[in-house]
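In full-length UniProt numbering, the protein residues as written are 1 to 271. No residue lacks a Cβ here, since even glycine has one placed at the ideal position from N, Cα and C. See below for the structure under consideration.
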């Protein structure tokens, strides 16, 4: 069974540690570990810095709002070669937050809020700042729940016009951008064998450099509950995005992204 994960309140302090050093887990994380979880002396846990560093620790002292830990082992995890990004439209009922939570659990590397034309939720002024804080909190909680050492990067929110510009630049750099939508006959399952072949070439030491390789980034765009409007589809496709269908059933905004990311993760060898 994997150990519980806590995020270091002071990431720099964790990075400065060596095996055998002591580290104090305090702040909100320390309070949660000591008071809410009631983790006691002798227990083992992992502390991560959010950028790949994982410290395997043993609790040597417990206070009301903190734990003192002895670092038994340090490991620097490596990011996968292909970055997975979820571009999630703002949605009602917290479905956008549910989407990025599950996406974190399946291994997404970054998420981007998208103010779609049909999004009923509108981020403006303080509401935008509050929304970003909620997304960041969701990513941190999901990172801990899924025992990850990396917290997914939170990109700035974009309008449809700004997203189209981003797509044009990103695809020019070799990335794949996939828009999940029911209006096309091209299924995501048709693209997965291509990704498998490209991934195999990329990981093969004997593959010629002239052969196509796996894209450095794969982004999945999911619309709000009202769907992606035709103007947005045309705009994104003209910018270089591929429109694809997940399956015969219609998925909610909260589940479409994680499902697509799971299939892609299998195709590129993450799973």
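By how many angstroms is the C-alpha of residue j removed from the C-alpha of residue i?
i, j, result
"residue 167", "residue 219", "9 angstroms"
"residue 223", "residue 230", "12 angstroms"
"residue 250", "residue 169", "30 angstroms"
"residue 257", "residue 108", "10 angstroms"
"residue 146", "residue 140", "10 angstroms"
"residue 182", "residue 200", "30 angstroms"
"residue 14", "residue 25", "10 angstroms"
"residue 128", "residue 20", "43 angstroms"
"residue 88", "residue 221", "6 angstroms"
"residue 270", "residue 155", "23 angstroms"
"residue 27", "residue 202", "43 angstroms"
"residue 73", "residue 266", "30 angstroms"
"residue 248", "residue 260", "14 angstroms"
"residue 112", "residue 159", "11 angstroms"
"residue 236", "residue 197", "26 angstroms"
"residue 60", "residue 34", "12 angstroms"
"residue 171", "residue 195", "16 angstroms"
"residue 90", "residue 175", "23 angstroms"
"residue 29", "residue 79", "24 angstroms"
"residue 62", "residue 131", "35 angstroms"
"residue 10", "residue 65", "15 angstroms"
Identify whether residue i lies in helix, strand or coil by the three-state DSSP scheme.
i, result
"residue 268", "coil"
"residue 115", "strand"
"residue 60", "strand"
"residue 135", "helix"
"residue 100", "helix"
"residue 194", "helix"
"residue 70", "strand"
"residue 176", "strand"
"residue 79", "coil"
"residue 51", "strand"
"residue 22", "strand"
"residue 85", "strand"
"residue 163", "helix"
"residue 41", "coil"
"residue 140", "helix"
"residue 16", "coil"
"residue 121", "coil"
"residue 110", "strand"
"residue 46", "strand"
"residue 187", "strand"
"residue 147", "coil"
If the criterion is Cβ atoms closer than 8 angstroms, does the pair residue i and residue j meet it?
i, j, result
"residue 164", "residue 239", "yes"
"residue 274", "residue 57", "No information on residue 274 is available, as it lies outside the stretch 1 to 271 that the chain covers here."
"residue 118", "residue 226", "yes"
"residue 97", "residue 134", "yes"
"residue 180", "residue 268", "no"
"residue 54", "residue 46", "yes"
"residue 157", "residue 104", "no"
"residue 264", "residue 84", "yes"
"residue 100", "residue 86", "yes"
"residue 177", "residue 110", "no"
"residue 82", "residue 216", "yes"
"residue 106", "residue 262", "yes"
"residue 69", "residue 39", "no"
Whole beta strand (DSSP E) elements within the segment 211-265, 3-residue minimum: 217-222, 242-244
The segment 45-52 in contact with the segment 148-155 per 3-pair CB rule at 8 angstroms: yes
Three CB pairs or more closer than 8 angstroms across the segment 114-128 and the segment 183-196: The segment 114-128 makes no contact with the segment 183-196: fewer than 3 CB pairs, one atom from each, lie closer than 8 angstroms.
Meets three-Cβ-pair contact criterion under 8 angstroms: the segment 91-106 and the segment 252-266: yes
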